[in-house]
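A.B. asks:
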Amino acid sequence: MFRKVTLTNNPVAVFDSGIGSLSIIRELRREIPYENLLYFADRVHFPYGSKPHAELREIVVNTINYLKRYEPKLVVVASNTPSVQVLDEVRRTITDIPIIGVRPPLKEAARLTKKKHIGVLATGGMIRSREFENQIRREVPQDILVTRFNASPIIELIEKGVYLENERQTFNVISRVLGDNTDEKIDVITLSSTHLPFVKRYLNSLLPTVRFIDPAQIVARNVRKLLAFNRMTKKSGKSNLRILVSDGKREFEKSARALGMREPIEEVFLTF
Numbered sequence: 029m030f031r032k033v034t035l036t037n038n039p040v041a042v043f044d045s046g047i048g049s050l051s052i053i054r055e056l057r058r059e060i061p062y063e064n065l066l067y068f069a070d071r072v073h074f075p076y077g078s079k080p081h082a083e084l085r086e087i088v089v090n091t092i093n094y095l096k097r098y099e100p101k102l103v104v105v106a107s108n109t110p111s112v113q114v115l116d117e118v119r120r121t122i123t124d125i126p127i128i129g130v131r132p133p134l135k136e137a138a139r140l141t142k143k144k145h146i147g148v149l150a151t152g153g154m155i156r157s158r159e160f161e162n163q164i165r166r167e168v169p170q171d172i173l174v175t176r177f178n179a180s181p182i183i184e185l186i187e188k189g190v191y192l193e194n195e196r197q198t199f200n201v202i203s204r205v206l207g208d209n210t211d212e213k214i215d216v217i218t219l220s221s222t223h224l225p226f227v228k229r230y231l232n233s234l235l236p237t238v239r240f241i242d243p244a245q246i247v248a249r250n251v252r253k254l255l256a257f258n259r260m261t262k263k264s265g266k267s268n269l270r271i272l273v274s275d276g277k278r279e280f281e282k283s284a285r286a287l288g289m290r291e292p293i294e295e296v297f298l299t300f
């Protein structure tokens, strides 16, 4: 059971393995403008997409238990890979705090496609996983094709901030991942890594006729609904954003500042 007494001012905690969560933070600030937010970029464990299942589950459980010291009223696992692969198991282990994940919006993509062919940009680990295969079977009608793109090279480029400084390299990497003539077959692609919205202008430039779906808005709405359901909503006052990073503070800070984040960034040291 979730804690019955939850202070309204306690933060909503958001984490992933790097800069990606900022795309979720942006939407949360629009959807729940008065809430205090705690953002943890766990760069020690970047990238989630290459971790074996058991290790990924252990990282997520340990991270949520670590974040409990900040007394969050809700935790957002702001990464598709662990949300798809291990979140159900994590919820069975951690039962005293609500946990929300982010998953590829396959139902929405299937509803929007006219060509009966959708794409999913995600980490190599996620697109190869049994759990993602099961999600496709559950949520995509059999007459719709699903093409998986391994976006791990793009994600790494975003995490290192290369996309902010080297346009040619960014275009080259994204072009290699997407391949040729993709827009002739596919008309909808899901951005199934929270890093990917940061290169949306590149994607739109390369594939102008393709619709890209960012699940960050869906996640932010789910957070708002869950807070309201549990009567935990902070309805007025000043909001506060606290940013923690577990490694590579200088590189992370550079990217965060380029994305308009002005808050101080604290480096923390993990024991797991």
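When the letters of the sequence shown are read in order and numbered with this note's numbering, they come out as residues 29 to 300.
The beta carbon of each residue, even a glycine, is placed where N, CA and C say it ideally should be.
Less than 7 Å between C-beta atoms, sequence neighbours within five positions excluded: which residues of the same chain meet that for P169?
C.D. replies: Taking the sequence shown and counting its residues from 1, the one referred to as residue 169 is at position 141. A138, listed in sequence order.
A.B. asks: Short of 8 Å in beta carbon distance, which residues of its chain neighbour I202, apart from the five on each side in sequence? Order them along the chain.
C.D. replies: Within the sequence shown, residue 202 is the residue found at index 174, counting from 1. Cβ neighbours of I202 beyond the five flanking positions: I182, V227, Y230, L231 and L234.
A.B. asks: Run through DSSP, which three-state label would R229 get?
C.D. replies: Counting from 1 along the sequence shown, the entry for residue 229 is found at position 201. Looking at R229 - three-state DSSP - the assignment turns out to be helix.
A.B. asks: Within its chain, find whatever has a CB closer than 7 Å to the CB of T198; leave out the 5 residues flanking it on each side and keep chain order.
C.D. replies: Your numbering for residue 198 matches position 170 in the sequence shown. If we look at T198 and ignore the five residues flanking it on each side, its Cβ neighbours are L185, V190, Y191, V227 and Y230.
A.B. asks: In three-state terms, what does DSSP make of I293?
C.D. replies: Within the sequence shown, numbered from 1, the residue matching residue 293 stands at position 265. Three-state DSSP puts I293 in a strand.
A.B. asks: Which residue's Cα is closest to the Cα of P133: T123, L102 and R166?
C.D. replies: Here residue 133 is taken as the residue at index 105 of the sequence shown, counted from 1. It is R166.
A.B. asks: Would you mind reading off the limits of the alpha helix (DSSP H) that contains V105?
C.D. replies: One-based indexing of the sequence shown puts residue 105 at position 77. Segment L102 to V105 is the beta strand (DSSP E) holding V105; no alpha helix (DSSP H) there.
A.B. asks: Roughly how many angstroms separate the alpha carbons of R285 and D171, rounded to a whole number?
C.D. replies: Counted from its first residue, the sequence shown places residue 285 at position 257. Counted from its first residue, the sequence shown places residue 171 at position 143. Spanning the two alpha carbons is a distance of roughly 45 Å.
A.B. asks: Going by the C-beta, is P243 closer than 8 Å to any heavy atom of the ligand MG?
C.D. replies: Ligands are entirely absent from the displayed structure, and the ligand MG is therefore not among its contents.
A.B. asks: Would you identify the three-state DSSP class for R270, choosing helix, strand or coil?
C.D. replies: The count along the sequence shown starts at 1 and reaches residue 270 at position 242. Strand, per DSSP.
A.B. asks: What did DSSP end up calling G153 once you bin it into helix, strand or coil?
C.D. replies: By 1-based counting over the sequence shown, the position of residue 153 is 125. In this structure, G153 counts as helix in the three-state DSSP scheme.
A.B. asks: Quick one: what's got a C-beta closer than 6 Å to S180's C-beta in the same chain, skipping five residues either side?
C.D. replies: By 1-based counting over the sequence shown, the position of residue 180 is 152. If we look at S180 and ignore the five residues flanking it on each side, its Cβ neighbours are G77, T151 and G152.
A.B. asks: Can you name the start and end residues of the beta strand (DSSP E) that Y76 belongs to?
C.D. replies: The residue labelled residue 76 in the question sits at position 48 within the sequence shown. Premise fails: Y76 is in no beta strand (DSSP E) and is neither H nor E.
A.B. asks: So, is N108 buried or exposed, given that buried needs 16 or more other C-beta atoms within 10 angstroms?
C.D. replies: As a position in the sequence shown, residue 108 is number 80, starting the count at 1. Flag for N108 reads buried.
A.B. asks: Output the residue ranges of the beta strand (DSSP E) runs that lie fully inside the region 143-202 and measure 3 residues or longer, sorted by chain position.
C.D. replies: 145-150 and 173-178
A.B. asks: So, using beta-carbon positions, are R131 and S157 closer together than 9 Å?
C.D. replies: Against the sequence shown, residue 131 aligns to sequence position 103. Against the sequence shown, residue 157 aligns to sequence position 129. No, they are not a contact pair.
A.B. asks: Contact between the region 63-72 and the region 39-46: three or more CB pairs below 8 Å?
C.D. replies: yes
A.B. asks: Could you spell out where the alpha helix (DSSP H) holding L50 opens and where it closes?
C.D. replies: Residue mapping note: residue 50 aligns to position 22 of the sequence shown, counting from 1. From DSSP, the alpha helix (DSSP H) with L50 extends over S49 to E59.
A.B. asks: Please report the distance separating the alpha-carbon of S49 from that of V174.
C.D. replies: Within the sequence shown, residue 49 is the residue found at index 21, counting from 1. Within the sequence shown, residue 174 is the residue found at index 146, counting from 1. Each residue's alpha carbon lies about 26 Å from the other.
A.B. asks: Indicate the three-state DSSP secondary structure (helix, strand or coil) for I217 in the structure shown.
C.D. replies: For the purposes of this step, residue 217 is taken as the residue at position 189 of the sequence shown. DSSP places I217 in strand when its eight states are reduced to three.
A.B. asks: Distance check for F160 and V216, CA to CA, integer angstroms please.
C.D. replies: Within the sequence shown, numbered from 1, the residue matching residue 216 stands at position 188. Within the sequence shown, numbered from 1, the residue matching residue 160 stands at position 132. Whole-angstrom Cα-Cα distance: 18 Å.
A.B. asks: Alpha carbon to alpha carbon, what distance is there between Y94 and R58?
C.D. replies: Residue 58 sits at position 30 when you count from the first residue of the sequence shown. Residue 94 sits at position 66 when you count from the first residue of the sequence shown. Going by the C-alpha atoms only, they are around 27 Å apart.
A.B. asks: For R71, count neighbouring Cβ atoms within 10 angstroms of its own Cβ and tell me buried if that reaches 16, exposed if not.
C.D. replies: If you number the sequence shown from 1, residue 71 lands on position 43. It is buried - the Cβ of R71 has at least 16 other Cβ atoms within 10 Å.
A.B. asks: Comparing alpha-carbon positions, which option in V247, S220 and R196 lies nearest M154?
C.D. replies: Within the sequence shown, residue 154 is the residue found at index 126, counting from 1. Comparing Cα-Cα distances from M154 to each of V247, S220 and R196, the minimum goes to S220.
A.B. asks: May I ask you to verify whether the region 261-271 touches the region 238-246, counting CB pairs closer than 8 Å and requiring at least 3?
C.D. replies: no
A.B. asks: Reducing DSSP to helix, strand and coil, say where K32 ends up.
C.D. replies: Mapped onto the sequence shown, residue 32 falls at position 4. Any answer about K32 is weak, because its pLDDT of 46 lies below 50 and its placement is not dependable; what the coordinates show is given next. The answer is coil: DSSP assigns K32 none of H, G, I, E or B.
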